[in-house]
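For reference, the structure is listed below as structure tokens.
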Amino acid sequence: MSLSAYDPERLNTMLTRLKLTAVRDRLDNLLDEAARGGLNLREALAFLCEAEIAHKDQRRIQMGLSIAKFPYVRTLDGFDYDAQPAVDAGQMRELATGRWIANGDAVLLLGPPGVGKTHLAVALGREAIIRGYSVLFTTATALMTALSQAHARGWLDERLSHYSKPKLLIVDELGYLPLEPHAAHLFFQLAARRYERGSLLVTSNRSVGEWGEVFGDPVVATAILDRLLHHSHVVTIRGESYRLREKRRAGLLGGSPPPPRRTEGKRRSM
Ligand code: ADP
Ligand code: MG
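Right, dumping it as structure tokens:
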């Protein structure tokens, strides 16, 4: 290569070939900025690399979020801990690091409707994506329907693989609606396949003691819980619905709420 023959077209082509598309698309602005900042060549190169990496990270996160199929956008920053003393900010910050996913642990978020279970599940899923883990969000009903249909049609194995791929599978609203008759066995197979390969985050309005009833099969429910609780973080949220609380604050509802209680820990049931 010659030092003198600078050809903007060729630079463009090279940046494309190297997949440095953020640098390519913002080259004039980035170089102007580097010049204004008085950067030397090494500093300018580092600055361009940073811009490219920031762009690629952003794109990866956007892609991960769209693959995860979250029902809504929620963040940990948007969680009001004052309104929900049963949730420990320190524990959530620790879970946000994703170490539990690296370890293949499970998280159970238990509590009545409206207390922020789905919010926290989505927020932790988002943190996991930011840290590079693949995530899939589904409701228990959608999951069990998909598995039992696949079972009936003879492609259960493919469906189980599909739900086993993401490093973190979030199963929301276990126990809200009655499950299919085969649900316990299908869920057991899923938990077995994912066991020690990925993490599960389950939200439920029912205590683990009631899961026998939820699955309609106490023996299999115990086997499922045995795997889930082996390495698990159980967060039990009590207290009243966040939305009702907001309404009450706005004076739309009367009465006083029950005081929230805080119970959490490893390997405990409600
Ligand atoms: P659950 O899944 O426990 O039924 P959600 O997580 O769906 O409840 O919460 C209901 C709504 O209230 C959501 O919009 C959620 O973002 C909001 N919410 C609940 N708890 C909190 C909180 N402590 N801080 C901020 N928003 C909250
Ligand atoms: Mg919910």
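Quick note: to get the working numbering, add 395 to the position in the sequence shown (first position is 1).
Glycine included, C-beta positions come from ideal geometry on N, C-alpha and C.
It should be emphasised that the depicted structure is a prediction, and the values quoted were computed from it without experimental measurement.
Could you say which of the options lies nearest to residue i if we only look at CA atoms?
| i | options | result |
| --- | --- | --- |
| G622 | A587, G646, I525 | Looking at the sequence itself, residue 622 is Arg, so the reference to Gly does not match. If we check each option's Cα against that of R622, A587 comes out closest. |
| H557 | Q584, D567, A578 | Q584 |
| L620 | P573, S636, S543, S602 | S602 |
| A537 | L434, D552, L574, G459 | L574 |
| F474 | L410, R405, V517, R633 | V517 |
| I496 | G604, G511, G570, L595 | L595 |
| L426 | M458, A439, R405 | A439 |
| I565 | P508, L531, R644, Y571 | L531 |
| S529 | L542, P561, A618 | P561 |
| A481 | N498, G493, P507 | P507 |
Is residue i near the ligand ADP, with its Cβ less than 8 angstroms from a heavy atom?
| i | result |
| --- | --- |
| F474 | yes |
| G511 | yes |
| I667 | Nothing in the structure corresponds to residue 667, since the chain is present only between 396 and 665. |
| Q584 | no |
| Q486 | no |
| Y467 | yes |
| S636 | yes |
| A541 | no |
| H514 | yes |
| A478 | yes |
Could you please give the first and the last residue of the uninterrupted alpha helix (DSSP H) stretch that includes residue i?
| i | result |
| --- | --- |
| F610 | 606-610 |
| L581 | 578-589 |
| V517 | 512-525 |
| L555 | 551-559 |
| L639 | 637-644 |
Locate the beta strand (DSSP E) running through residue i, then write down its first and last residues.
| i | result |
| --- | --- |
| S627 | 627-632 |
| A541 | Element bounds for A541: not the beta strand (DSSP E) but the alpha helix (DSSP H), 535-548. |
| T411 | Where T411 is concerned, there is no enclosing beta strand (DSSP E), although the alpha helix (DSSP H) it sits in stretches over 403-412. |
| V597 | 594-599 |
| E568 | 563-569 |
| V418 | Here V418 belongs to no beta strand (DSSP E); instead the alpha helix (DSSP H) covers 416-420. |
Can residue i be considered in contact with the ligand MG, in the sense that its beta carbon sits closer than 8 angstroms to one or more heavy atoms?
| i | result |
| --- | --- |
| T598 | yes |
| P508 | yes |
| D483 | no |
| E568 | yes |
inquiry  = What ranges does the alpha helix (DSSP H) occupy inside the stretch 440-494, keeping only unbroken runs of at least 4 residues that lie completely in it?
reply    = The qualifying runs are 484-491.
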